[in-house]
Amino acid sequence: MKTLITGSAGFIGHALSTKLLEGGNAVIGIDNMNDYYDVSLKEARLNNLLQYPNFKFYTASLETKDDVNDIFSSEKPEKVVNLAAQAGVRYSLINPQAYISSNITGFTNILEACRHNEVRHLVYASSSSVYGATTTMPFSVSQNVDHPVSLYAATKKANELMAHTYSHLFRLPTTGLRFFTVYGPWGRPDMALFIFTKKILAGEPIDVYNFGKHRRDFTYIDDIVEGIIRVMNNVALPNPDWDSDNPDSASSSAPYRLYNIGSNNPTELLRYIELIEECLEKKAEKNLLPLQPGDVPDTFADVSALERDIHYKPDTPIEIGIRNFVDWYRKFYEV
């Protein structure tokens, strides 16, 4: 199987590409290697992937339509996993245009390329951020998500709507995955686990928003990858029971699906920090601050649809996941 993965030098893209390559699959990687965070970390991930003879890489931005079209027409991937995006809730308050360019224009180019190159299945990253102002928990893919509280979340919701349009008009099978706070080795430097580990080791204070009281459904990277691969191999089909008078937002009369991938076990941020401290054998100095604009107090994934259709549920305990990250961090940065 030949799979094209956008954002292949990113956190999830690197992990997914590695797993597929180890299984003997051919992977076509695309990444623009931008400097949103430390490029040397992206280069290290990419160097890992380039060791595999069945990996081919293109430096390209999804916003450049001609480049995307050329890659698709020459490589003819059977399946596509779109993980490239401008990430980060808080950064979307500072540089909103980056989210429109990458997450809207870039995703449009991916949809068009899939449409014109007979791609069998498009799987794309959405986000738990789409739940926005929703307070009914656990969050279900059948819930209304029309009230995002950040532009990042709005672009991810837009991706789901755009994908449905292509599934409906062109019968392109699409599956959107709402990821819940992914963490683990090779993670992003703008995420809490990375920031906290780095600052605690350096003896610097850490900023703890919402006074550490908010909860996150932290999901280990290996669980995310397993979920993606299972979804890739379960091509979206029309729901024969879909009722336009009582519509289910997670499926359709078109070949379209949505799933949460989360641990289904939210952890309070202060407990998360305690576990990091235990692994580092060092206490953190905390700056307790109010909830930031664009953030939500809690996330909690209902993964019953994933269990029903894919027969999978993430299960890595947070104690193991944090330990694995800390071990990787110490080794990679020689701390």
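So for the sequence shown, my numbering puts the first residue at -7; every next one is plus one. By construction, the Cβ of each residue, glycine as well, lies at the ideal position given by its N, Cα and C atoms.
Query, Result
"Element boundaries [alpha helix (DSSP H), containing THR97]", "Careful: THR97 lies outside any alpha helix (DSSP H) and carries neither H nor E."
"Start and end residues, alpha helix (DSSP H) containing THR157", "143 to 162"
"Among ASN46, ILE314, ALA276 and LYS11, nearest to LEU185 - alpha-carbon criterion", "ILE314"
"Of the listed residues THR128, THR291, GLU270 and GLY15, nearest to VAL318 (C-alpha basis)", "GLU270"
"Contact under 8 Å by Cβ, LEU54 with THR(-2)", "yes"
"Those runs of the beta strand (DSSP E) which lie wholly inside the region 254 to 293 and span at least 3 residues", "278 to 280"
"8 Å Cβ cutoff met for ASN151 and PHE99", "yes"
"Selection from ILE102, LYS275 and PRO177 that minimises the alpha carbon distance to ARG322", "PRO177"
"Three-state class that DSSP yields for LYS305 in the structure shown", "coil"
"Nearest-angstrom Cα separation, counted from MET224 out to ILE237", "The sequence given here places Asp at residue 237; Ile does not occur at that position. The alpha-carbon atoms of ASP237 and MET224 are separated by roughly 30 Å."
"Reference PHE346; option with closest CA among GLU35, GLY254 and THR167", "Residue 346 lies beyond the range of the chain shown here (-7 to 327); nothing can be said about it."
"Exposed unless 16 or more other CB atoms sit within 10 angstroms - verdict on LEU103", "buried"
"Buried/exposed call for LEU250, threshold 16 Cβ in 10 Å", "buried"
"Local Cβ density within 10 Å of ARG207, reported as buried at 16 or more and exposed below that", "buried"
"Residue(s) in a DSSP beta bridge with VAL169", "Contrary to the premise, residue 169 reads as Leu rather than Val in this sequence. Bridge partners of LEU169: ALA117 and TYR251."
"Buried or exposed (CB count within 10 angstroms, at least 16 for buried), HIS108", "exposed"
"Which of helix, strand or coil DSSP assigns to LYS71", "strand"
"Close-in-space but distant-in-sequence residues of the same chain around PRO258 (CB under 7 Å, 5 per side omitted)", "ARG207, ARG208, ASP209, ASP290, THR291 and PHE292"
"SER94 beta carbon less than 8 Å from that of PHE49", "no"
"Rounded C-alpha distance that separates LEU283 from LEU85", "14 Å"
"Beta-carbon spacing of HIS113, VAL227 below 8 Å", "yes"
"Enclosing beta strand (DSSP E) for ALA18 [first to last residue]", "18 to 23"
"Cβ pair ALA18, ASN61 closer than 8 Å", "no"
"Candidates SER66, GLN43 and VAL31, of which the one nearest LEU(-4) by Cα", "SER66"
"Check whether ASP214 and ASN279 have beta carbons under 8 Å apart", "no"
"Where VAL200 sits in the DSSP three-state scheme", "strand"
"Separation of ASP59 from LEU41, as counted between CA atoms", "21 Å"
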